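Novice:
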Amino acid sequence: MGMTLAEKILARAAGQREVSAGDFVTARVDFCMVHDIFAASLFDLLESAGIDRIWDPGRVAVVIDHFSPPPSAAVAGLHRRIRDGVRKFGIPHFYDVGSGICHQLMVERGHVRPGMLIVATDSHTTTYGALAAAGTGIGTSEMAYVLATGTLWFNVPSTVRCEVSGSLPDGVSWKDAVLSLLGRLGSDFAQYQSLEFAGPALPSLEMAGRLTIANMAVEMGAKFCFFPADEVTRKFLRGAVWDGPMSPDPDAHYGGVVSLELNRLEPLVALPHRVDDVRPVRDVEGVPIDQAFIGSCTNGRLEDLEVAARCLSGRRVHPGTRLLVAPASRAIYEEAMRRGILQVLTEAGAVILPPGCGPCFGGHLGLLGEGERCIGTHNRNFQGRMGSPQAEVYLASPATVASSALYGRITDPRRVGAYVHS
Amino acid sequence: MSTPEGWLSEVIRGRVWKFGDDISTDLLAPGAYAVAPLEERKRHVLESVNPRFPEEVRPGDIVVAGRNFGCGSSRETAPEGLKALGVGCVVAESFSRLFFRNAIAIGLPVLPCPGVVEAFEEGDLAEVEISSAIVRNLRTGQAIQGRSLPREMLEVLAAGGILPLLKAHSQELSQG
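Top line first, the protein sequences correspond to chains A and B.
All residue numbers for the first sequence refer to my numbering, where the first residue is 60 and numbers rise by one.
All residue numbers for the second sequence refer to my numbering, where the first residue is 85 and numbers rise by one.
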């Protein structure tokens, strides 16, 4: 019987010819990643278990991105312990303060290739499915197990196929596409399942958009999310070779099929405090905002900053609103600088933050006070995530966030124009 | 390794604390305390939903919740906080995958049990038996059947989590 991408990748990683949804397998992991929230306690766990050698240091990346740069002496101390651990275990792929957000780096630095099985101590590891890799989040204890043994058990998920057709109308972005799925299907629609994209619109879905969608697949509960490898993938990887599964079998069995008709989409926003409470922007236009945030592993890429710059070029952010922009990596930061994007944003009144996760996960660099309201391009608006539990967070596309920053109120980007898809 | 029939067949008995759907890891383990010591972190578990919870929860108490419990991030600190407060078990309509794995990985009993929200009120006395997946309301006498955990998970849970398994693994390596 044919297999889905999740089944093919897990079968290969488990050394079996065939697996199907519901099977338990012990699989060899191809690569793993740990970030600074968990790296120090991970090294402690290994030590307390008496493990002084990891299975393959070359298949591990450690990234300092959540608290970057350290906001306190305690965190600086934590980072020191991480550097000590990286040295002790001889981990070559170490990305220190200022390098960027882990998921962006994993993709940018070539650690993710189609067909790989990748685990990381972060829920947004589903992002790697944009490159047809099976990426999923695990906790610290399980990561300790992976670092010691190179293996982990998996329940082979059933797969929902999502058929994408049509093309995005002006002013509508791939972020709106994933928000529309969330609003329609709900925050636990894909719980324990794999999401696999297909359909005639895929060739027009550029890598930045795929990364945004796969990133937020976990907000639907998905364990994996896949865009089968195609011309877009090949172009992005610039000829890098791989030998893993790249697409599902034509006769694979799916647990369900949903469709996504792009022509029907409009700019959307997720209302506080739910990722799946999604409405058209026009329904909530005029809601005043204190802070606008453009960044995160969802929408901090060059394409996103470019859209924001187009919306804000020659204009000023509303005086009652602060606009924070965090490029997702140093490479993006540098390219945005070369192209004059950062200059446009700064002149419009934006505060440019160092590459990292700070505000998105509620750590530092732009948290909200009681009663404050933020619209951001990130992935979660749960109560208390971005500072005070009495603050409100709306999620939207870079065009919607930039347009809202301009007026100090939630604003449909089609009023502002000058957007491109992102 | 101990067998799943070990302590998991014992009854967990405690008072019920009820929570709704989509209880996120941001509520369970707020980012602001992400790297604080466990003693401090546990004082903030679910405080924005019910400030009494971290103060008044007693060892053995049982958390009963709706759908998608533990949604959000990979923070193992989410189940860790509940375990540190002494919570005996989390019984929910359904769990987010990451929370579910992490709870097992640190040895916090969890049980998916459709119908549990309806069957309990806050403060009820509940009994949970993980090995048979049966949940009883001692006030109403109602017993409901949860979804049994797969054997692979029961083994990790029975061992007390991944860490004891890892210790055994490293001993094997040093003896081998």
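Cβ atoms here follow ideal geometry from the backbone N, Cα and C, with glycine treated the same way.
Just so you know, these numbers come straight off a predicted model, no measurement behind them.
1. Which same chain residues, not among the five before or five after S79(A), have their C-beta less than 8 angstroms away from its C-beta?
2. Along chain B, in chain order, which residues have C-beta atoms closer than 7 angstroms to that of P504(A)?
3. Check whether the segment 166 to 176 of chain B and the segment 95 to 112 of chain B touch, using three or more Cβ-Cβ pairs below 8 angstroms as the test.
4. In the structure shown, what three-state DSSP assignment does I123(A) receive?
5. I'd like the ranges of any alpha helix (DSSP H) spanning at least 4 consecutive residues and lying wholly in the segment 82 to 156 of chain A.
6. Between E320(A) and R341(A), what straight-line distance do the alpha-carbon atoms span, to the nearest angstrom?
7. Compare the C-alpha of L324(A) against each of S306(A), I68(A), G242(A) and M266(A) and name the closest.
8. Provide the residue span of the alpha helix (DSSP H) that contains R220(A), from first to last.
9. DSSP on R172(A), reduced to helix/strand/coil?
10. Using a Cβ cut-off of 9 angstroms, pull out every chain A residue sitting near L209(B), in sequence order please.
11. Alpha carbon to alpha carbon, what distance is there between V134(A) and A210(B)?
12. Can G169(A) and A299(A) be called in contact, C-beta distance under 8 angstroms?
13. Quick one: give me the first and last residue of the alpha helix (DSSP H) that V171(B) is part of.
14. Going along chain B in order, which residues have a C-beta closer than 9 angstroms to the C-beta of D103(A)?
15. Closer than 7 angstroms: is that where the CB of Y466(A) sits relative to any heavy atom of the ligand HEM?
16. By the 10 Å Cβ neighbour count, where 16 or more other Cβ atoms means buried, how is M396(A) classified, buried or exposed?
17. Can you give me the C-alpha to C-alpha distance between I391(A) and G446(A), rounded to a whole angstrom?
18. So which residues of chain A does R181(B) contact, with C-beta pairs closer than 7 angstroms?
19. Which residues in the same chain as A187(B) place their Cβ atom closer than 6 angstroms to its Cβ, once the five residues preceding and following it in sequence are excluded?
20. Assuming P307(A) contacts E255(A) (C-beta within less than 8 angstroms), just tell me the rounded distance between them.
21. Is L427(A) near G417(A), with beta carbons less than 8 angstroms apart?
22. What first and last residue would you give for the alpha helix (DSSP H) that runs through F184(B)?
23. Counting beta carbon pairs with one atom in the segment 188 to 204 of chain A and one in the segment 272 to 285 of chain A, are three or more of them shorter than 8 angstroms?
24. Can you tell which of A288(A), V145(A), S463(A) and R118(A) has the C-alpha that lies nearest to the C-alpha of L327(A)?
25. I'd like the list of long-range same chain contacts for G165(B), defined as Cβ closer than 7 angstroms, with 5 residues on each side in sequence excluded.
26. How would you list, in chain order, the residues of chain B whose beta-carbon sits under 9 angstroms from the beta-carbon of D247(A)?
27. Should T218(A) be flagged as near chain B, meaning a C-beta pair shorter than 8 angstroms?
28. So, helix, strand or coil for K294(A), using DSSP?
29. Below 8 angstroms CB to CB, which residues in the same chain sit around P116(A) once its five sequence neighbours on both sides are set aside?
30. List, in chain order, every chain B residue whose beta-carbon is nearer than 9 angstroms to that of A98(A).
31. Check each residue of the segment 176 to 188 of chain A: if its Cβ is closer than 7 angstroms to any Cβ of chain B, include it; give the result in chain order.
32. Which residues, taken in chain order from the segment 186 to 208 of chain A, show a beta carbon closer than 7 angstroms to some beta carbon of chain B?
33. From the beta carbon of K102(B), is the nearest beta carbon of chain A less than 8 angstroms away?
34. Between the segment 105 to 114 of chain A and the segment 192 to 199 of chain A, do at least 3 Cβ pairs fall closer than 8 angstroms?
35. From V95(B) to V219(B), what distance separates their C-alpha atoms?
36. Quick check: the segment 368 to 387 of chain A against the segment 399 to 413 of chain A, are at least 3 beta-carbon pairs closer than 8 angstroms?
Specialist: Answer, in terms of the structure:
1. The residue given as residue 79(A) occupies position 20 in the first sequence. Cβ within range, chain order: M60, M62, E66, V215 and H312.
2. Any answer about residue 504(A) is impossible in this case: the structure gives chain A only from 60 up to 481.
3. Pairwise C-beta distances place the segment 166 to 176 of chain B in contact with the segment 95 to 112 of chain B, as three or more of them are shorter than 8 angstroms.
4. Stepping through the first sequence from its first residue, residue 123(A) is reached at position 64. Coil.
5. Complete alpha helix (DSSP H) runs here, min 4: 98 to 107 and 132 to 148.
6. Indexing the first sequence from 1 puts residue 320(A) at position 261. Indexing the first sequence from 1 puts residue 341(A) at position 282. Computed Cα separation, rounded: 20 angstroms.
7. Residue numbering aside, residue 324(A) sits at position 265 when the first sequence is read from its first letter. Closest option to L324(A), Cα to Cα, is G242(A).
8. Walking along the first sequence from the start, residue 220(A) turns up at place 161. For R220(A), no alpha helix (DSSP H) encloses it; the enclosing beta strand (DSSP E) starts and ends at T218 to S224.
9. The residue given as residue 172(A) occupies position 113 in the first sequence. Three-state DSSP puts R172(A) in coil, outside helix and strand.
10. The residue given as residue 209(B) occupies position 125 in the second sequence. From the beta-carbon of L209(B), no residue of chain A is found nearer than 9 angstroms; the closest lies around 29 angstroms away.
11. Here residue 210(B) corresponds to residue number 126 of the second sequence, with the count starting at 1. Here residue 134(A) corresponds to residue number 75 of the first sequence, with the count starting at 1. Near 41 angstroms, if we compare the C-alpha coordinates of V134(A) and A210(B).
12. Numbered from 1 along the first sequence, position 110 holds the residue referred to as residue 169(A). Numbered from 1 along the first sequence, position 240 holds the residue referred to as residue 299(A). Taking C-beta atoms as the reference points, G169(A) and A299(A) count as a pair closer than 8 angstroms.
13. As a position in the second sequence, residue 171(B) is number 87, starting the count at 1. It is not in any alpha helix (DSSP H) - V171(B) carries neither H nor E in the DSSP assignment.
14. The residue labelled residue 103(A) in the question sits at position 44 within the first sequence. The contact set of D103(A) on chain B, defined by CB atoms closer than 9 angstroms, is empty, because the minimum CB distance reaches about 11 angstroms.
15. The ligand HEM is not part of the structure shown, which contains no ligands of any sort.
16. Counted from its first residue, the first sequence places residue 396(A) at position 337. The residue is exposed, with fewer than 16 neighbouring Cβ atoms inside 10 Å.
17. Position 332 of the first sequence, counted from the first residue, corresponds to residue 391(A). Position 387 of the first sequence, counted from the first residue, corresponds to residue 446(A). Those two C-alpha atoms are separated by around 27 angstroms.
18. The residue you call residue 181(B) lines up with position 97 of the second sequence. Neighbours of R181(B) in chain A, taken as residues at a C-beta separation under 7 angstroms, are given in chain order as Q250, Y251, G280 and K282.
19. On the second sequence, residue 187(B) is found 103 positions in, with the first residue counted as 1. Around A187(B): P163 and V194.
20. One-based indexing of the first sequence puts residue 307(A) at position 248. One-based indexing of the first sequence puts residue 255(A) at position 196. Between P307(A) and E255(A) a beta carbon distance of about 6 angstroms is seen, short of the 8 angstroms cut, so the two are scored as contacting.
21. Walking along the first sequence from the start, residue 427(A) turns up at place 368. Walking along the first sequence from the start, residue 417(A) turns up at place 358. Not closer than 8 angstroms, so no.
22. Indexing the second sequence from 1 puts residue 184(B) at position 100. In this chain, the alpha helix (DSSP H) harbouring F184(B) covers R181 to I190.
23. They touch, by the three-pair rule.
24. Numbered from its first residue, the first sequence carries residue 327(A) at position 268. Per the C-alpha coordinates, the member of A288(A), V145(A), S463(A) and R118(A) positioned closest to L327(A) is S463(A).
25. For this step, residue 165(B) is matched to residue 81 along the second sequence. Around G165(B): L112, A113, R125, K126 and V129.
26. Here residue 247(A) is taken as the residue at index 188 of the first sequence, counted from 1. The contacting residues are D105, D106, R151, N152, C155, S178 and S180.
27. Mapped onto the first sequence, residue 218(A) falls at position 159. It does not: the Cβ of T218(A) has no partner Cβ on chain B nearer than 8 angstroms.
28. Here residue 294(A) refers to the residue found at position 235 when the first sequence is read from its first residue. Helix at K294(A).
29. Translated into the one-based positions of the first sequence, residue 116(A) becomes position 57. When the five nearest sequence neighbours on each side are left out, the beta carbons in the same chain lying within less than 8 angstroms of the beta carbon of P116(A) are those of F148, G149, I150 and P151, in order along the chain.
30. As a working note, residue 98(A) is residue 39 in the first sequence. Correct list: empty, because the minimum Cβ distance to chain B is about 11 angstroms.
31. Result list: T180, D181 and S182.
32. Residues G196, I197, G198, T199, S200, E201, A203, Y204, A207 and T208.
33. Taking the second sequence and counting its residues from 1, the one referred to as residue 102(B) is at position 18. Not an interface residue.
34. Because the criterion of three Cβ pairs below 8 angstroms is not met, the segment 105 to 114 of chain A and the segment 192 to 199 of chain A do not touch.
35. The residue you call residue 95(B) lines up with position 11 of the second sequence. The residue you call residue 219(B) lines up with position 135 of the second sequence. Each residue's Cα considered, the two are about 10 angstroms apart.
36. In short, these stretches touch, since the Cβ pair count reaches three.
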